[in-house]
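Trainee:
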Amino acid sequence: MSFKKATIIVFLILLVDQISKVYIKTNFLLGESIQAFGLDWFEIRFVENEGAAWGTRLPGEYGKLILSLFRLAISPIIGYWLYKSAKENAPKLLIVAIALIFAGAVGNIIDSLLYGVLFDESTPSQVATFLPENGGYASPLYGNVVDMLYFPIWEGILPSWIPVWGGKSFTFFNAIFNIADMAISTGVGILLVFNKKVFPKTKPAEQEVEA
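Using my numbering, you'd call the opening residue of the sequence shown number 266 and step up by one each time.
So, in structure tokens, the structure goes:
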């Protein structure tokens, strides 16, 4: 796969990711949810998180800043890996996986870097405004990541015989995420599941000569 095609993949993912986030941010109250396509197990639920993928967060006063700086540092490395792999005609599946991971990383970086400046605060009673007169709700690198995809596939009480969690309410799957998170997870999943295809073992030069 050429670098141009990989760039198109990255651009399309970023476009869908940012359009969905801006729409949710400027049309939903914080915590508001609607059923998607009339399905009980698929909701659009607006939440914001200060941390990593799938709603996790780093504790402490500087947790958010550390995470944002880490994303800024690691993204160019992933981008170079994508460029190098495409130029060296690496397996197509590897290039797709890297493109997904890179797009997801950049998508969430945009939130952290710019959303605190571009929007005012979302609350349960107020929808955020784009470019508010009084300025944004946070400094650059301190913006919250917008999440909205929620799949509560099963909700119920766990059997009492299950250790620790028995008799307690349980939801599968209870993480709320976004398109960028999904792209990163899909890319990592491809690398893990198709490891032998994306990282094929090459024969030593001596064996190739003998053959």
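Every residue gets a Cβ at the ideal spot worked out from N, C-alpha and C, and that includes glycine.
Given a cut-off of 7 Å on the beta-carbon distance, is the pair residue 289 and residue 311 in contact?
Mentor: Indexing the sequence shown from 1 puts residue 289 at position 24. Indexing the sequence shown from 1 puts residue 311 at position 46. Closer than 7 Å, so yes.
Trainee: Please name the residue, chosen from 346, 332 and 369, that lies closest to residue 360 on a Cα-to-Cα basis.
Mentor: Counting from one through the sequence shown, the residue named residue 360 turns up at place 95. With distances taken between Cα atoms, residue 360 lies closest to 346.
Trainee: Just the C-alpha distance for residue 280 and residue 397, rounded to the nearest angstrom, thanks.
Mentor: Here residue 280 refers to the residue found at position 15 of the sequence shown. Here residue 397 refers to the residue found at position 132 of the sequence shown. Between residue 280 and residue 397, the C-alpha separation is close to 23 Å.
Trainee: Do you know whose CA, among 270, 299 and 306, lies nearest residue 421's CA?
Mentor: Numbered from 1 along the sequence shown, position 156 holds the residue referred to as residue 421. Checking every option, the nearest Cα to that of residue 421 belongs to 306.
Trainee: Run through DSSP, which three-state label would residue 361 get?
Mentor: Sequence index remark: in the sequence shown, residue 361 carries index 96 (1-based). Helix.
Trainee: Give me, in chain order, the residues of the same chain whose beta-carbon lies closer than 7 Å to that of residue 416; leave out the 5 immediate sequence neighbours on both sides.
Mentor: Position 151 of the sequence shown holds residue 416. Hits under 7 Å: 306, 307 and 438.
Trainee: Over the uninterrupted alpha helix (DSSP H) stretch that includes residue 447, give me the two end residues.
Mentor: If you number the sequence shown from 1, residue 447 lands on position 182. Counting along the chain, the alpha helix (DSSP H) containing residue 447 begins and ends at 444 to 458.
Trainee: So residue 436 is in the alpha helix (DSSP H); what residue range does that whole segment cover?
Mentor: By 1-based counting over the sequence shown, the position of residue 436 is 171. First-last for residue 436: 434 to 437, but that is the beta strand (DSSP E), not the alpha helix (DSSP H).
Trainee: Buried or exposed, going by whether 16 or more other CB atoms sit within 10 Å of the CB of residue 380?
Mentor: Taking the first residue of the sequence shown as position 1, residue 380 is located at position 115. Residue 380 is buried by the Cβ-count criterion.
Trainee: Please list the terminal residues of the continuous alpha helix (DSSP H) segment that includes residue 298.
Mentor: Residue 298 sits at position 33 when you count from the first residue of the sequence shown. Per DSSP, residue 298 belongs to no alpha helix (DSSP H); it is in the beta strand (DSSP E), 298 to 300.
Trainee: What are the boundary residues of the alpha helix (DSSP H) that residue 344 is part of?
Mentor: Position 79 of the sequence shown holds residue 344. Its alpha helix (DSSP H) spans residues 328 to 352.
Trainee: Among 271, 377 and 411, whose alpha-carbon lies nearest the alpha-carbon of residue 442?
Mentor: Along the sequence shown, one-based indexing puts residue 442 at 177. Considering only alpha carbons, the answer is 411.
Trainee: Span of the beta strand (DSSP E) holding residue 292?
Mentor: Counting from 1 along the sequence shown, the entry for residue 292 is found at position 27. Segment 268 to 292 is the alpha helix (DSSP H) holding residue 292; no beta strand (DSSP E) there.
Trainee: Are residue 368 and residue 278 touching if we call contact CB-CB under 7 Å?
Mentor: Mapped onto the sequence shown, residue 368 falls at position 103. Mapped onto the sequence shown, residue 278 falls at position 13. It is a contact, given that the beta carbons lie within the stated cut-off.
Trainee: Whose C-alpha, out of 296, 354 and 340, is nearest the C-alpha of residue 269?
Mentor: In the sequence shown, residue 269 corresponds to position 4, counting from 1. Considering only alpha carbons, the answer is 354.
Trainee: In whole angstroms, give me the CA-to-CA distance for residue 296 and residue 341.
Mentor: Here residue 296 refers to the residue found at position 31 of the sequence shown. Here residue 341 refers to the residue found at position 76 of the sequence shown. Between residue 296 and residue 341, the C-alpha separation is close to 33 Å.
Trainee: On a Cα-Cα basis, can you pick out the residue from 330, 463 and 313 that is closest to residue 286?
Mentor: On the sequence shown, position 21 is the one that residue 286 refers to. Closest option to residue 286, Cα to Cα, is 313.
Trainee: Select from 413, 419, 414 and 383 the residue whose C-alpha is nearest the C-alpha of residue 404.
Mentor: Translated into the one-based positions of the sequence shown, residue 404 becomes position 139. Nearest of 413, 419, 414 and 383 to residue 404, Cα basis: 383.
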